[in-house]
Every structure is written in C-alpha cells, then in structure tokens.
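S.K.: Before I ask anything, here is the structure I am working with.
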Amino acid sequence: QKEVEQDPGPLSVPEGAIVSLNCTYSNSAFQYFMWYRQYSRKGPELLMYTYSSGNKEDGRFTAQVDKSSKYISLFIRDSQPSDSATYLCAQASGGSYIPTFGRGTSLIVHP
Amino acid sequence: EPEVTQTPSHQVTQMGQEVILRCVPISNHLYFYWYRQILGQKVEFLVSFYNNEISEKSEIFDDQFSVERPDGSNFTLKIRSTKLEDSAMYFCASRGTVTTNEKLFFGSGTQLSVL
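Here it is, written out as structure tokens:
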C-alpha cells in the first residue's frame, strides 16, 4: 500500500503566523520524504526532502519526520501571503525517487 | 533556472479521439515522468521513462497510454482513445543529474478536457 494522507484544509492564518502542516504515511519501506508546494495552475515544486527521522531546516521551513508514528510535518515560520499555495507531502523509495503524493493541504496566508 | 515546458496548456478533444501531450524536459536530464491530477484529487503517478524505455508504470497506465521520446528532446504522452474520465491536468517531470539526483522538476501541466 502506498497511501499518504493529508487534511485538505483550507488552513487560513494571518501573516506572520507559524504554520504547521501534517501528513501520515503507511508504507514503511519508502524511506525518502518530501514536501512540495503547488501554486494554482502550476506543477508541484520541491521544497524540502529528507531521508531520516528528526528535523531538517531550510530558511523559514522545517521538515520533521517521525518514523515511529509514520508522521511527517512541515513548519513555516513568519508566514507570508506569498506562501499561499497547496502543500503536498510525498514519499518515495530511495531507488526510484518516484513521489507518491498526498492530496495536499491548501494554505491561505492573509495580510 | 531551467524549466520543463509543456504544450499545449489546454487541450479539448472529443471522446474516442487520440491526443498527444508534449513535453520538453530539462536538457541533460535522464529520467522522465508523467503524472496526472483529476480536479480535487491527488497528483497520481502514471509512468517513468529512462534510457528509452519505460522503467515503471502505475495501474492507471493501461494499453490506451503510450510514451515516446522521439527526437532526444521531446517527451510525449499519447492517449489512443480518450474517455471522459481522462479529463485531468497532466504533468510532465524530469530529473537526473549528479547534483540534483532526487529532485523532480515539474512542468506547468496540460489541462485535458474530454467532451
């Protein structure tokens, strides 16, 4: 089974808020975890990826993986209106790198 | 930054007709993919292509679908006899240099409408 599950939202926050986006997965064999961002009428764009449990930080974004609970999170600090998009979590095997996507969570950051 | 280019951006066709969706992957990339997204649903994997052959495909990619890299720069998806349920956004993606091995670059998609 290759399911990745996300709450579709929408999640609406004020500018400057800390955003927490969450995702669960079922296939423990897939060891590569990703977050993509998708703007309206555009293809997904890779934000972050990680192989390991724990945190990975890149600017305002932090990805967190908890393999014991099969839980993936993305935190966005100091959120901006330009962060308004759909955020897709995904996982893949380390060999093929073919993402299996969640449904995505729609984020709206209002000024 | 280099990008994956897809044409057309919107294609309308009658049920039963053949369609070809076109993609120009990033130059020097080695792995090519097609995904689709039905309105309101997940982005779903269709097929991956490497070294001029299909390397992996999903259950969705049945005999009605085919892919081709006809000239070393284009990558096409053909649907032989379209059905209403083929209406979706189709995304092409590519990856594959030493420094960006894990990262798939997606195009902006072709919206296919089957009437």
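Top line first, the protein sequences correspond to chains C and R.
If you're matching positions, the first sequence starts at 1 in the working numbering and goes up one per residue.
If you're matching positions, the second sequence starts at 112 in the working numbering and goes up one per residue.
The C-beta atom is built at its ideal place from N, Cα and C for all residues, glycine as well.
Predicted model only: the values in this text are computed from it and were never measured.
1. Go through its chain and collect everything with a Cβ distance to D83 (chain C)'s Cβ below 7 Å, but skip five positions before and after it.
2. So what's S53 (chain C) in DSSP terms, helix, strand or just coil?
3. Below 8 Å on C-beta distance, what does S219 (chain R) contact in chain C?
4. Are the CB atoms of Q117 (chain R) and G183 (chain R) within a distance shorter than 7 Å?
5. From F172 (chain R) to S79 (chain C), what does the alpha carbon distance come to, in whole angstroms?
6. Under 8 Å Cβ-Cβ, which residues of chain C neighbour V135 (chain R)?
7. What is the DSSP secondary structure of I196 (chain R), reduced to helix, strand or coil?
8. When we look at the beta-carbon of P10 (chain C) and count the other beta-carbons within 10 Å, is it buried (16 or more) or exposed?
9. Using DSSP's beta-bridge definition, name the partner residues of Y25 (chain C).
10. Taking all protein chains shown into account, do 16 or more other C-beta atoms lie within 10 angstroms of the C-beta of L141 (chain R), making it buried, or fewer, making it exposed?
11. Return no unless some Cβ of chain R is closer than 7 Å to the Cβ of Y51 (chain C).
12. What is the C-beta distance between A204 (chain R) and L195 (chain R), in whole angstroms, given that I count them as a contact (C-beta under 8 Å)?
13. Beta carbons nearer than 8 Å to chain C: which residues of the segment 150–175 of chain R have them?
14. Using DSSP with H/G/I as helix, E/B as strand and the rest coil, what is S69 (chain C)?
15. So which of C:Y51, C:G16 and C:E45 has the shortest CA-CA distance to K67 (chain C)?
16. Using 10 angstroms around the beta-carbon of K189 (chain R), count the other beta-carbons present and answer buried if the total reaches 16, otherwise exposed.
17. Mind checking if I72 (chain C) is an interface residue toward chain R, Cβ cutoff 7 Å exclusive?
18. When the Cα of V158 (chain R) is compared with those of R:G220, R:G151 and R:E170, which residue comes out closest?
19. What does R37 (chain C) reach in chain D if we use C-beta pairs closer than 7 Å?
M.R.: With the given structure in hand:
1. Answer for D83 (chain C): I76, L107 and V109, listed in chain order.
2. coil
3. R41, K42 and G43
4. No, the pair does not count as a contact, with Cβ atoms beyond the cut-off.
5. F172 (chain R) and S79 (chain C): Cα-Cα distance of roughly 39 Å.
6. Within 8 Å Cβ-Cβ: nothing; V135 (chain R) doesn't reach chain C, min ~14 Å.
7. Note on residue identity: the sequence assigns Glu, not Ile, to residue 196 (chain R). In this structure, E196 (chain R) counts as helix in the three-state DSSP scheme.
8. Its Cβ having fewer than 16 others within 10 Å, P10 (chain C) is exposed.
9. C:V4
10. Here L141 (chain R) is exposed, its C-beta having fewer than 16 other C-beta atoms within 10 Å.
11. Not an interface residue.
12. With 8 Å as the limit, A204 (chain R) and L195 (chain R) do not qualify as a contact, their Cβ atoms being about 25 Å apart.
13. Q152, K153, V154, E155, F156, S159, S166 and E167
14. Residue state, collapsed to three classes: coil.
15. C:Y51
16. exposed
17. no
18. R:E170
19. Structure shown: chain D not included; protein chains present are C and R.
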